[in-house]
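Colleague:
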Amino acid sequence: MPQKVRKAVFPVGGLGTRFLPATKAMPKEMLPVVDKPLIQYAVEEALAAGIEEIIFVTGRGKAAIEDFFDHSFELRQVLGERGKDAELRAIDIPVLEPGRITYTRQQHPMGLGHAVWCARELVGNEPFAILLADDLVMADEPCLKQMVSVYEETGGNVVAVVDVPHEHTNRYGILDVASDQGRLAEVRGMVEKPDPEDAPSTLSIIGRYILLPEIFDYLSEKKVGSGGEIQITDSMARMIGSAPFHGLRFQGRRFDCGDKIGFFEANVAFALARSDLKDQIQGVVNQYAASTVE
Ligand code: UTP
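In this text, residue positions in the sequence shown follow the working numbering: the first is 121, and each later residue adds one.
Shown next as structure tokens:
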């Protein structure tokens, strides 16, 4: 049995420029889908996958995330006094015991690879997960849990993947596949944001990774890649061959909530999945679908 995946890194140091002006004074990861912030969905997914320690890589203006994952004594007291039981349950979010949740700061947002490298001392020499909260996954079995099962089968690196339209390969990290068994694709290469004519496949990596600690050897070289940023894809590509590396076509649906359209779609999909909101939201959607928008 390979070493257990106990730790998860949440890089939340990005600027979130696609959501300005909202992100001028609040972290993108605190944007709510229906009524829950993106980061809460991601943390709950990690805990459901057996993660025991959480590491946030934060940046300027991200203090709200720290406050969110703490007790809120005043609010709890006021809600209790007013008999607001449902609201009390709503703020009952996962608060890990002290020492199992840590924060480190990425002083300059130099890219996702750099953000993950900032967590190297906290991760140490063991396999770990990375979750990008702006990729929200709706699934019966949490996406990271599905990935942990693959890691336990293979003992190697695992990334979650989805097929994207050929013309969209230049937005994502794309796999070069050695063999494809449907659910699992064995990886022989990967490239960040290739032009469609150069893309080795249409399998794109989403914001869920299980990686072996050797990734830090490559990230520490701080090589700048696509977009002038330190990309995690470039370091992952260099690990191929030294340990198994697979892409998992997970069961479930991914919403790219770093983008306005994906964020809007996630709100509709998650609201429609809620028994208390479904009928009203369906009515609103139907109403807009029926009207001609100028
Ligand atoms: P994005 O590529 O979505 O960048 O980062 P961003 O800055 O958050 O958003 P835009 O593109 O300006 O709108 C993907 C993930 O990596 C984190 C982000 O917080 C997000 O979770 N990230 C990115 C960092 O933690 N540090 C970085 O330097 C870059």
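Glycine included, each C-beta is placed from N, C-alpha and C at the ideal position.
Decide if the region 196-203 is in contact with the region 250-267; the criterion is three or more beta carbon pairs, one per stretch, under 8 Å apart.
Modeller: Contact between the region 196-203 and the region 250-267 is absent, because fewer than three Cβ pairs lie under 8 Å.
Colleague: Would you mind working out which of E341, H288, K343 sits nearest I325, comparing C-alpha positions?
Modeller: Position 205 of the sequence shown, counted from the first residue, corresponds to residue 325. Among E341, H288, K343, the Cα nearest to that of I325 belongs to H288.
Colleague: For Y292 and D315, what's the separation of their Cα atoms in angstroms?
Modeller: Locating residue 292 in the sequence shown gives position 172, where the first residue counts as 1. Locating residue 315 in the sequence shown gives position 195, where the first residue counts as 1. Distance between the alpha carbons of Y292 and D315: 10 Å.
Colleague: If you draw a straight line from the alpha carbon of F176 to that of M121, how long is it in whole angstroms?
Modeller: The residue you call residue 176 lines up with position 56 of the sequence shown. The residue you call residue 121 lines up with position 1 of the sequence shown. Rounded to whole angstroms, F176 to M121 spans 28 Å at the Cα level.
Colleague: Can you check the region 318-374 for any alpha helix (DSSP H) of at least 4 residues that lies completely inside it and give the ranges in chain order?
Modeller: Complete alpha helix (DSSP H) runs here, min 4: 335-339, 352-359.
Colleague: For V215, report the span of its beta strand (DSSP E) as first-last.
Modeller: Translated into positions along the sequence shown, residue 215 becomes position 95. Per DSSP, V215 belongs to no beta strand (DSSP E) and is neither H nor E.
Colleague: Would you call S355 buried or exposed, if buried means 16 or more other Cβ atoms sit within 10 Å of its Cβ?
Modeller: On the sequence shown, position 235 is the one that residue 355 refers to. With 16 or more Cβ atoms within 10 Å of its Cβ, S355 is classed as buried.
Colleague: Within 7 Å: the Cβ of R291 and any heavy atom of the ligand UTP?
Modeller: Taking the sequence shown and counting its residues from 1, the one referred to as residue 291 is at position 171. No, Cβ of R291 sits at least 7 Å from all heavy atoms of the ligand UTP.
Colleague: If you run the structure through DSSP and keep just helix, strand and coil, what is Y223?
Modeller: By 1-based counting over the sequence shown, the position of residue 223 is 103. Correct three-state label for Y223: strand.
Colleague: Going straight from the alpha carbon of A259 to that of A239, what length do you get?
Modeller: As a first step, residue 259 is located in the sequence shown; it is residue number 139 there, counting from the start. As a first step, residue 239 is located in the sequence shown; it is residue number 119 there, counting from the start. Each residue's Cα considered, the two are about 28 Å apart.
Colleague: With distances taken from CA atoms, which of P218, E217, G136, P141 is nearest T178?
Modeller: As a first step, residue 178 must be located in the sequence shown, where it is residue number 58. Comparing Cα positions, the closest option is G136.
Colleague: Compute the minimum distance between the beta carbon of G134 and the heavy atoms of the ligand UTP, and state whether it is under 7 Å.
Modeller: Along the sequence shown, one-based indexing puts residue 134 at 14. Flag set: Cβ of G134 near the ligand UTP.
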